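Per full-length UniProt numbering, the very first residue in the sequence shown carries number 1; after that it's consecutive.
Some notes on the structure that comes next.
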Amino acid sequence: MVKRYDSSLQAQNPISQAQNSVEKAHHAVSQALTHPTEQSVLQAQQSLAHADQSVTQSHASLNPQAVELAEELLGEEHARLDKLLGSEQWDNHRS
Numbered sequence: 001m002v003k004r005y006d007s008s009l010q011a012q013n014p015i016s017q018a019q020n021s022v023e024k025a026h027h028a029v030s031q032a033l034t035h036p037t038e039q040s041v042l043q044a045q046q047s048l049a050h051a052d053q054s055v056t057q058s059h060a061s062l063n064p065q066a067v068e069l070a071e072e073l074l075g076e077e078h079a080r081l082d083k084l085l086g087s088e089q090w091d092n093h094r095s
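Right under this line is the structure:
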């Protein structure tokens, strides 16, 4: 997963914000996968939406490789959640 650096300079950096948002989305999706409840899935969806917005805002960055990495990681998180939502486990839970 994306490494986190705690410096005030990076806290203001759009790339760092995007990476942090993707990391939080990863944790939210993992929670939804291990404990698939309506609430955990909703939290994962909201976290992914926030990360989408952060990654979009990072496009103005002068570091396209970091943006591309954040996009790839975010895409993986969307796929993980989509897999849960399309699974029999989720269908059984909702019934």
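A virtual CB, placed ideally from N, CA and C, is assigned to each residue, including glycine.
Every value quoted in this text rests on a predicted model; they were computed, and no experiment measured them.
Have a look at H35, Q43, Q53 and flag the residue whose alpha-carbon is nearest the alpha-carbon of Q17.
Counting from one through the sequence shown, the residue named residue 17 turns up at place 17. Out of H35, Q43, Q53, the CA that lies nearest to the CA of Q17 is found in Q53.
In chain order, which beta strand (DSSP E) runs of at least 3 residues are fully inside the UniProt region "Disordered" (1-63)?
Whole beta strand (DSSP E) segments, 3+ residues: zero.
Is G75 helix, strand or coil when you go by DSSP?
Residue numbering aside, residue 75 sits at position 75 when the sequence shown is read from its first letter. Here G75 sits in helix by DSSP.
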